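Engineer: Mind looking over this structure? Questions follow.
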Amino acid sequence: MPDLLLELRSEEIPARMQRKAAGDLKKLLTDDLVEAGLTYEAAREYWTPRRLALDIRGLTARSKDISEEIKGPSTKAPEQAVQGFLRKAGLASIAEAHVHSDSKKGDFYVAHIAKPGRPAEQIIAELVPGIIRNFPWPKSMRWGPASAKPGSLRWVRPLQSILCTFGPETEEPVVVDFEIDGIRSGNVTYGHRFHAPGAITVRRFDDYVAKLEAAKVVLDADRRKEIILADARNVAFASGLDLVEDEGLLEEVSGLVEWPVVLMGEFEQDFLAIPAEVIRLTIRANQKCFVTTRQISPLEGEMSPQATEGVASREAPASPVRDRESRQVVPTPSGLPAISPSRGEISQSPLSNRFILTANIEAKDGGKEIAHGNGKVVRARLSDALYFWKTDQGDLPDLDQLQASAQKFRLDLKKPLDQRMARLDHLNVTFHAKLGTQGERVERIARLAEELAPIVAQSISPLEGEMAGRPEGVPSAGATRSGLSKKEEVGARRETTPSVAFGDISPSRGEVTALARRAAVLAKADLTTEVVGEFPELQGAMGRKYALLQGEHPSVAAAIEEHYKPQGPSDRVPTDPVSVAVALADKLDTLVGFWAIDEKPTGSKDPYALRRAALGVVRILVENGVRLPLQRQFLNSLFGLTFNRGNRFSVVWRADDEGDFTTGVGSADDLISERAGSLSSEIRGVELPDHSASEIIADLLSFFHDRLKVYLRDQGARHDLIDAVLAAGSRPISPLEGEMSAKPTEGGAVPPASHSVAPPSALPGISPSRGEIGQSSNDDLLQIVRRVEALGSFLDTEDGKNLLAGTKRAANIVVAEEKKATAIASSVEPALFREDAEKTLFAAVNQAERQAGEAIQNEDFSAAMLALSVLREPVDSFFEKVLVNDEDQAVRANRLALLARIRAATDRVADFSKIAG
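Residue numbers (our numbering): 527 to 1443.
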């Protein structure tokens, strides 16, 4: 079958646009061809800096003939309906239509349409110009004299030629002829801009690739990447260095060259005093070059690092070897594994003063002048970076104006990072128009971090007076489908090794609160540094370096960098207690603030990355085993934004005379009092939605549940088990007689920091007497995860499967009778029992409720499931021997109450009606 070759050659296309543009070209053309009645076997796109190419194999030579019937109106229909039918069918008059008869509907018009197939060349010639004119470039331009005319062609860079051939392998292909803005398609392309600028006539794809290769153009972008990477490794190895690999940079560089030639440049050793991250970003951002590290020399008696899996030994040639005709890539003789650095840790080895660059030509002098010229530019850029680095360690010129800010945050203006924090506050840098300045936000985060630090420390550190050193994102060896280790299923913590990044940090519990506040105060200070101003992606990482230079505690320095983490599902979570407290405070303040001003994610739009922040909170809590009542923390964070503390919001209160007045609040609990209404802004011109604090908190908690579902599903948990646990936790508490009450004690305030277990109430930490936010035990995400884990394990057993079936049957009967308004007794009366199975089930329910309630209070959900398993046989026996709908109304109501007790007992852990099976 025929093949189609299409090339659109232009001036240099920005590297970041090339891959997507080639994919768009493939999709647009193949979709249009299929819609036009053609089929194809395979299609693949290619791109270089100067061309987009498409190879479509097995394209049908002609579209099929089409015959269809279009049914029209009745022959008695009004003229307007007949005219509409003619337009739809494309008929000139009604005489061209046929009349069909129907025994029920009578006579009606039918148009018989016959569309003969068309040659593929004709279809292609019609489609390609339209695709070119409407191509979805992010940015495009007009050029030349034609650009002055309306509707002139737009392309990302001036389009120079179009190559389009079509035909089978056994015949001479034809040129698909079309023209667009004076550019006529043909069978001619051009090679490398400098090495082979002459015209090249091609026939089909194989011929096209071979001739481009001979003209110094490597068409396949992935091959260019392989060549660059292999040659870069070889060049570095030849100088006793290792390449610091960078996939993003490799992708970009492969889009800058058509004939990659790898060279090595260098700069002065003195510049190595600059942090490695800054050197790497300077060279990467400005010159698109790779950095190298010095190879680690093995100690005497150790085995020398040997290349692995197809990698040449050290006896291999030192220089890069490649057959320039075949462009075969030589395997890489690297002595170290590939480096995949995290922010703040470029490599275990120190950087060298050599860098790898990729030229687009084979210079006559071997590239010496090219390397020298790049070195001059790199030295200039590094000189700037060195100036920034030294400036950030010096005193600011306006220290006398920063005294007020220093006093507010208890800063030491003798320290450079403290000076930068004072300046950030003094300059009133806006965080968000409705949420205030960065200084105000830092104050809120610091206060919240102080409150969170003891809770985090208690959860992470099991020993009195000691804080366990935690690794950075090291997963548990026995991780299960829910993300928890087997020990964690019954409440144990994850065992891990000390952190590589900053050692075994063990501040005492008494220090944690102070360290958390100090870290929170300095967390945003590096935003005003010169280095971060030049390289915003280094925020946090530079703050950590500056903190260590001025003698801050390692936990404080680590928290400054890690409070931004995790920044995605694959990013590690902070595990040092101080880092965890500050990261949680930062994310909770962001989420609560944007919820308060009603700037929530909508559909695919999430400009403030709130989904990522919520998922970060979920991962931090679950993967570190931290117990945290979220509703209380939402309330505390919202309180930080109110009039008396944050000077941002106030509350509309309902007065005794049914009117209202606006003022601040004295405590967090005032926000959820019975008279508290919606929030209002203290800033002129800023209006807030008509939502109370309770409504904001409830909506945000629901958002967290959605993020938790996403997280657990990614871990392999069943969606129905998650729904079952969440549904049980959110159900209002109305215990029948004999059940253990889940009513919180009066004035259920937040437990002291030393209390290791959160209250098992429906409203953790929030007194219902001061306005109930919502009776839910679902604000403890770790508890939800453990309940899902226990439920999954229980339902994998035979007892679990049978109990599920019996419980769902009992629940369905109760629900059906409730819908019919059938009388159900308020309590179970043993005197009305007539069958032994009723008595046995009643005793089993009492036992299960008591034991399950005790297990739940101890948060041993596996034990709670075990307690419920005793119901299996009594439930089965009850349904076999007892007729629920007894003729005696009192007996029937009593039996229905007994079934309701079964549902209530199991609902303490999960709503079994939500579980499939």
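Cβ coordinates follow ideal geometry from the N, Cα and C atoms, glycine included. Bear in mind the structure is a predicted one, so any value in this text is a computation, not a measurement.
1) Quick test of the definition: if touching needs 3 or more C-beta pairs under 8 Å, does the stretch 1073 to 1088 touch the stretch 1115 to 1124?
2) Could you name the residues of the same chain whose beta carbon sits closer than 7 Å to that of Thr-586, not counting the 5 residues immediately before and after it, in chain order?
3) Taking Ala-640 as part of the beta strand (DSSP E), name the residues at either end of that continuous run.
4) Work out the CA separation of Val-770 and Arg-810 for me, nearest whole Å.
5) For Leu-534, write down the residues that DSSP places opposite it in a beta bridge.
6) Quick one, are the C-beta atoms of Pro-1103 and Ile-971 less than 9 Å apart?
7) Quick check: what's the CA-CA separation for Ile-887 versus Ala-741?
8) Between the Cα of His-626 and those of Ile-649, Leu-653, Lys-597, spot the shortest distance and give me the residue it belongs to.
9) Taking DSSP's pairing of strands, which residues face Thr-963 in a bridge?
10) For a test of the three-state rule: what should DSSP assign to Asn-879, helix, strand or coil?
11) Do Leu-689 and Ser-536 have their C-beta atoms within less than 9 Å of each other?
12) How many whole angstroms separate the CB atoms of Val-1249 and Pro-1155, which I take to be in contact at a CB cut-off of 8 Å?
13) Mapping the DSSP letters down to three states, classify Thr-1168 as helix, strand or coil.
14) In whole angstroms, what is the alpha-carbon distance linking Ile-620 and Val-608?
15) Does DSSP classify Glu-571 as helix, strand or coil?
16) Could you tell me the boundaries of the alpha helix (DSSP H) in which Asp-768 lies?
17) Between which two residues does the alpha helix (DSSP H) containing Asp-1432 stretch?
18) Can you say whether Gln-606 is buried or exposed, counting buried as having 16 or more other CB atoms within 10 angstroms of its CB?
19) Reducing DSSP to helix, strand and coil, say where Tyr-1134 ends up.
20) For Gly-791, report the span of its beta strand (DSSP E) as first-last.
21) Taking Cβ positions, are Phe-611 and Ala-640 nearer each other than 9 Å?
22) Cα separation between Val-955 and Glu-705?
23) If you drop the 5 nearest sequence neighbours on each side, which residues of the same chain put their C-beta closer than 7 Å to that of Lys-552?
24) Measuring CA to CA, which of Arg-949, Leu-1164, Ala-1416 is closest to Asp-926?
25) I need the boundaries of the alpha helix (DSSP H) containing Pro-1103, first residue and last residue.
26) In this structure, what does DSSP give as the bridge partners for Glu-705?
27) Are the CB atoms of Ala-1084 and Val-968 nearer to each other than 9 Å?
28) How should Ser-1130 be labelled, buried or exposed, when 16 other C-beta atoms within 10 angstroms of its C-beta is the threshold for buried?
29) Would you please state the rounded distance, in angstroms, between the beta carbons of Ala-1254 and Ala-1393? I believe it to be under 8 Å.
30) Considering only the beta carbon of each residue, do Thr-1333 and Arg-1239 sit closer than 9 Å?
31) Would you call the CB atoms of Leu-534 and Ile-582 closer than 9 Å?
32) Is His-624 helix, strand or coil when you go by DSSP?
33) For the alpha helix (DSSP H) containing Val-1152, list its first residue and its last residue.
34) How about the stretch 1365 to 1385 and the stretch 1319 to 1334: do they share at least three Cβ pairs that are nearer than 8 Å?
35) Less than 6 Å between C-beta atoms, sequence neighbours within five positions excluded: which residues of the same chain meet that for Ser-678?
36) First and last residue of the beta strand (DSSP E) that includes Gly-598?
Structural biologist: From the atom records:
1) Flag = no, the stretch 1073 to 1088 and the stretch 1115 to 1124 do not touch.
2) Met-527, Leu-564, Thr-565, Ala-646
3) 632 to 641
4) 11 Å
5) Leu-578, Ile-688
6) Contact flag unset, no.
7) 12 Å
8) Lys-597
9) Thr-956
10) strand
11) In this structure, Leu-689 keeps its C-beta atom at 9 Å or more from the C-beta atom of Ser-536.
12) Contrary to the premise, residue 1249 reads as Asp rather than Val in this sequence. Not really, about 22 Å apart at Cβ, beyond 8 Å.
13) strand
14) Linking Ile-620 to Val-608 through their CA atoms gives a straight-line distance of about 8 Å.
15) strand
16) It is not in any alpha helix (DSSP H) - Asp-768 instead sits in the beta strand (DSSP E) that spans 767 to 769.
17) Note that residue 1432 corresponds to Thr in the displayed sequence, not to Asp. Segment 1415 to 1433, the alpha helix (DSSP H) holding Thr-1432.
18) Around the beta carbon of Gln-606, fewer than 16 other beta carbons sit within 10 angstroms, so the residue counts as exposed.
19) coil
20) 787 to 792
21) no
22) 55 Å
23) So the qualifying residues of the chain are Ala-569, Glu-571, Leu-580.
24) When each option's Cα is compared against that of Asp-926, the closest is Arg-949.
25) Where Pro-1103 is concerned, the enclosing alpha helix (DSSP H) stretches over 1103 to 1122.
26) Arg-710
27) no
28) exposed
29) That belief does not hold up - the Cβ atoms of Ala-1254 and Ala-1393 are roughly 15 Å apart, past 8 Å.
30) Cβ atoms of Thr-1333 and Arg-1239: not closer than 9 Å.
31) no
32) strand
33) Careful: Val-1152 lies outside any alpha helix (DSSP H) and carries neither H nor E.
34) no
35) Within the same chain, Ser-678 has close Cβ partners Arg-668, Ala-672.
36) Counting along the chain, the unbroken beta strand (DSSP E) around Gly-598 starts and ends at 592 to 600.
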